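Numbering (this note's numbering), first residue to last: 67 to 428.
Notes to accompany the following structure.
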């Protein structure tokens, strides 16, 4: 296998996918043949991105269509992106479809950066708190355990156990913060991949953070409605438009609901009647706008409004996450460390003082 055909050449990051997407959209919009434009740009693109651009240009020059080139497993292009390209080619509006996915990838990149920024201060708090905990176990706990045992203070057995941890502190002391840093590094590496555009990968990387699951869902539905609007605008039959747009969401339930709704439309049923076929699998706003738009002959306008609504909703939720996630993380991490260390330090001292007072009053 040559270096140009190696899988490594296709393992691009999310930022590289965004850059490649922007270049393809610009070339198509300017009417420049992709094989010529990407071939010329490949030398100016760094690393893997340049390799992927060169491979795409070479295969298009050999007569392969863009969607088939991107479907090659060695390219490692996410299925969601391939679906957007297919929908754009089918509608004849590839730049518009690519612009939709570009907005989503930029949002994902910003969300990822926001997460890292939000957890820098809590991470520093954890490292400082852990350092003090190790110092307490090694230097303070042995003396406290002896004093509490001598005076029969409550909790002396617990403090003796804590002091006993010091015998293995050389192992667990550095191991715990190192494990935390390794986990953060692994998250940073995996979340940088282009596969983050896939709903499952995005959910695993970002969905556990407050408000971020809502951001991801809104971005997914914004892409779905924008691509569907582009297809409808260019007179692609509604059943096919629903299926293609469903694939661009990357969400299994949305894909299934879109296919079932498309089948219902092929049978001659109105979109409004399709609610009993798709039920909860499409968001209420999408179902209502599809039905209302079809009934009033304003489906395109309804879809554009839905896309804008989802984009604004994602912006609001992302702003909430940006404002409150750092505060919540700091309170949780800092509060946990303070609680543990205050219990060990002040609890043991209070127990020791109580024992001393009891002895003095005898």
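Glycine included, every Cβ here is placed at the ideal spot set by N, Cα and C.
These figures come from a predicted structure and were not determined experimentally.
Residue closest to residue i, alpha-carbon to alpha-carbon, out of the options
i: residue 354; options: 291, 124, 120; result: 291
i: residue 250; options: 178, 278, 90; result: 178
i: residue 186; options: 257, 287, 314, 396; result: 396
i: residue 180; options: 154, 408, 281; result: 281
i: residue 247; options: 304, 188, 274; result: 188
i: residue 352; options: 234, 333, 312; result: 312
i: residue 175; options: 287, 196, 82, 423; result: 82
i: residue 208; options: 222, 271, 195; result: 222
i: residue 241; options: 218, 356, 126, 200; result: 200
i: residue 287; options: 384, 373, 124; result: 373
i: residue 173; options: 297, 425, 381, 202; result: 381
i: residue 151; options: 408, 120, 297; result: 297
i: residue 220; options: 420, 245, 101; result: 420
i: residue 431; options: 327, 418, 100; result: Look at the range of the chain in this structure, 67 to 428, and you will see that residue 431 is not part of it.
i: residue 278; options: 384, 110, 230, 370; result: 384
i: residue 426; options: 217, 128, 108; result: 217
i: residue 407; options: 237, 89, 194, 118; result: 194
i: residue 289; options: 410, 416, 378, 135; result: 378
i: residue 322; options: 120, 308, 333; result: 308
i: residue 423; options: 164, 214, 318; result: 214
i: residue 139; options: 118, 128, 159; result: 118
Cβ distance (whole Å) where residue i is taken to contact residue j below 8 Å
i: residue 105; j: residue 93; result: Contact flag wrong, Cβ pair sits at about 11 Å.
i: residue 302; j: residue 157; result: 6 Å
i: residue 153; j: residue 314; result: 6 Å
i: residue 146; j: residue 316; result: 4 Å
i: residue 404; j: residue 184; result: Going by Cβ atoms, the distance from residue 404 to residue 184 rounds to 20 Å, so no, they are not a contact pair.
i: residue 192; j: residue 399; result: 5 Å
i: residue 115; j: residue 85; result: 6 Å
i: residue 206; j: residue 387; result: Actually they do not touch by this definition, with Cβ atoms about 39 Å apart.
i: residue 285; j: residue 170; result: 5 Å
i: residue 299; j: residue 366; result: 5 Å
i: residue 80; j: residue 235; result: Not quite, the Cβ-Cβ distance comes to about 40 Å (not below 8 Å), so this is no contact.
i: residue 122; j: residue 260; result: So it is not a contact: roughly 14 Å between Cβ atoms.
i: residue 429; j: residue 203; result: In the structure displayed, the chain extends from 67 to 428; residue 429 sits before or after that span and is not available.
i: residue 144; j: residue 264; result: 5 Å
i: residue 348; j: residue 320; result: 7 Å
i: residue 210; j: residue 414; result: 5 Å
i: residue 155; j: residue 190; result: Wrong, their Cβ atoms sit about 49 Å apart, outside the cutoff.
i: residue 142; j: residue 135; result: In fact, because the Cβ distance is near 13 Å, the residues do not count as touching under 8 Å.
Under the three-state DSSP convention, the category residue i falls into
i: residue 326; result: helix
i: residue 423; result: helix
i: residue 228; result: helix
i: residue 87; result: helix
i: residue 407; result: helix
i: residue 305; result: helix
i: residue 333; result: coil
i: residue 364; result: coil
i: residue 276; result: coil
i: residue 111; result: coil
i: residue 223; result: helix
i: residue 317; result: coil
i: residue 98; result: coil
i: residue 343; result: Caution applies to residue 343, whose pLDDT of 49 falls short of 50 and renders its modelled position unreliable; the model cannot decide the point.
i: residue 264; result: coil
i: residue 348; result: coil
i: residue 103; result: helix
i: residue 218; result: coil
i: residue 70; result: Confidence at residue 70 is low in this model, with a pLDDT of 41, below 50, so its placement is unreliable and the value that follows should be read with caution. Looking at residue 70 - three-state DSSP - the assignment turns out to be helix.
i: residue 205; result: helix
Residues bridged to residue i (per DSSP)
i: residue 259; result: 79
Residue i CB to nearest heavy atom of the ligand NAD below 7 Å
i: residue 137; result: This structure lacks the ligand NAD, and indeed carries no ligand of any kind.
Discussion item. Give the list of continuous alpha helix (DSSP H) stretches no shorter than 4 residues that lie fully inside the segment 115-198.
Written reply: 132-136, 145-157
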